[in-house]
Amino acid sequence: MMKKKIGRYVVASIAMAVSICSFTQVSAQEVKLNISAENFSEGYTGQVNVSSAGVLVGLSIGAKSVWTISNVAVELPKDTPKQLCLRISSLDGRFWSENPYLPPSGVTTASLGPLTKQYTKVLKTMSSEQLAFRIAVPTSTGCTDLSSAHYLPVIGSGESVLVVHINSGDRRVVTRLSRAGKAISNNVECEPIVNSARVAADRVCRIPLPEASGRADLQLALIGMTGQAEKLKFDIYIPPYTLKH
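As structure tokens, then:
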């Protein structure tokens with residue numbers, strides 16, 4: 001991830017994948033892979049100690065990500081992205097996949113799939129709480145360079161909160177949402193992940209959703225033992241949603 005250093009702080013321009021959880025049921029148009037099946041990129045291994053997912057591992061709006069082996073849904077902005085890069089990470093770091101998908105023009109709700117080619121049995125043993133989803137809109141072809149990418153939401157279910165999975169390197173994490181330099185949420189302390197080996201991600205942040213949809217910045221302060229903070233800013237898209245009553 002490309003970073004620009006400002007004083008003591010680091011600002012990374014990335015927009016993030018979010019799972020939107022309070023959506024009404026909508027029909028999603030299928031979005032197919034933008035590569036041949038034999039080039040599908042994924043892996044599964046034994047116990048691991050490190051992950052290549054980066055700081056931003058996944059996001060969801062709502063308590064639960066909604067997915068099947070076949071697909072996961074995403075709400076798109078009116079200006080349809082040319083390509084979407086979906087990364088899936090198991091929190092224990094053992095499974096991952098990262099592949100490009102090509103949404104047709106004019107689609108607002110899309111269903112990305114397949115999620116795996118070789119590890120269907122493995123994914124079927126995992127719950128929503130064991131996986132993190134991250135969808136990037138790259139500025140270049142392919143999913144290798146995400147330095148200037150922004151991120152879109154995966155559609156989930158449950159209460160209207162933005163759930164962010166972070167790999168903090170065992171640092172304390174405080175986060176909030178802002179728009180045009182002004183805070184649109186309170187500061188939120190992220191919590192350690194429990195009931196899973198903390199390899200791909202070690203913190204989870206739950207931020208109440210703002211009233212207005214659209215682009216926003218997710219701000220993170222990663223605070224080490226010395227008290228010094230590394231500050232990251234992620235540009236995200238929050239799609240329109242309908243609260244469940």
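Reminder that position 191 of the sequence shown reads as 191 in the working numbering, one-by-one numbering, no gaps. We put the beta carbon where it would ideally sit given N, CA and C, even for glycine. No experiment lies behind these values; they were computed from the predicted model shown.
DSSP-derived helix/strand/coil call for residue i
{"i": "residue 233", "result": "strand"}
{"i": "residue 85", "result": "strand"}
{"i": "residue 227", "result": "coil"}
{"i": "residue 100", "result": "strand"}
{"i": "residue 50", "result": "coil"}
{"i": "residue 238", "result": "strand"}
{"i": "residue 66", "result": "coil"}
{"i": "residue 78", "result": "coil"}
{"i": "residue 91", "result": "coil"}
{"i": "residue 23", "result": "Any reading at residue 23 must be qualified, since the residue scores a pLDDT of 38, below 50, and its modelled position is unreliable; the value itself is stated next. It is coil, neither helix nor strand."}
Unbroken beta strand (DSSP E) run spanning residue i, endpoints
{"i": "residue 58", "result": "56–61"}
{"i": "residue 216", "result": "214–223"}
{"i": "residue 38", "result": "First-last for residue 38: undefined, no H or E at that position."}
{"i": "residue 73", "result": "72–75"}
Among the options, nearest to residue i - alpha-carbon criterion
{"i": "residue 180", "options": "151, 168 and 219", "result": "219"}
{"i": "residue 227", "options": "199, 171, 34 and 116", "result": "171"}
{"i": "residue 231", "options": "55, 50 and 47", "result": "55"}
{"i": "residue 96", "options": "120, 102 and 76", "result": "120"}
{"i": "residue 247", "options": "135, 217, 74 and 100", "result": "A query on residue 247 cannot be resolved here, the shown segment of the chain reaching from 1 to 245 and no further."}
{"i": "residue 99", "options": "32, 68 and 150", "result": "32"}
{"i": "residue 240", "options": "163, 233 and 209", "result": "209"}
{"i": "residue 201", "options": "235, 158 and 134", "result": "134"}
{"i": "residue 38", "options": "157, 234, 116 and 144", "result": "116"}
{"i": "residue 195", "options": "144, 131, 237 and 157", "result": "131"}
{"i": "residue 114", "options": "105, 78, 35 and 237", "result": "35"}
{"i": "residue 57", "options": "215, 224 and 193", "result": "193"}
{"i": "residue 59", "options": "141, 167 and 104", "result": "167"}
{"i": "residue 215", "options": "199, 237, 225 and 224", "result": "237"}
{"i": "residue 105", "options": "84, 123 and 122", "result": "84"}
Proximity of residue i and residue j at Cβ, strictly below 9 Å
{"i": "residue 161", "j": "residue 203", "result": "no"}
{"i": "residue 30", "j": "residue 111", "result": "yes"}
{"i": "residue 169", "j": "residue 86", "result": "no"}
{"i": "residue 92", "j": "residue 212", "result": "no"}
{"i": "residue 128", "j": "residue 52", "result": "no"}
{"i": "residue 94", "j": "residue 44", "result": "yes"}
{"i": "residue 163", "j": "residue 149", "result": "no"}
{"i": "residue 246", "j": "residue 154", "result": "No answer is possible for residue 246: the residues shown for the chain start at 1 and end at 245."}
{"i": "residue 76", "j": "residue 108", "result": "yes"}
{"i": "residue 159", "j": "residue 62", "result": "yes"}
{"i": "residue 102", "j": "residue 78", "result": "no"}
{"i": "residue 205", "j": "residue 175", "result": "yes"}
CB contact below 9 Å: residue i versus chain C
{"i": "residue 221", "result": "Checking the listed chains, one finds no chain C in this structure; it contains a single protein chain."}
(request) Ignoring anything shorter than 3 residues or poking outside the stretch 103–163, list the beta strand (DSSP E) runs there in chain order. (result) 109–112, 131–137 and 150–157
(request) May I have a chain-ordered list of the beta strand (DSSP E) segments no shorter than 3 residues that lie completely inside the stretch 167–220? (result) 172–179 and 203–208
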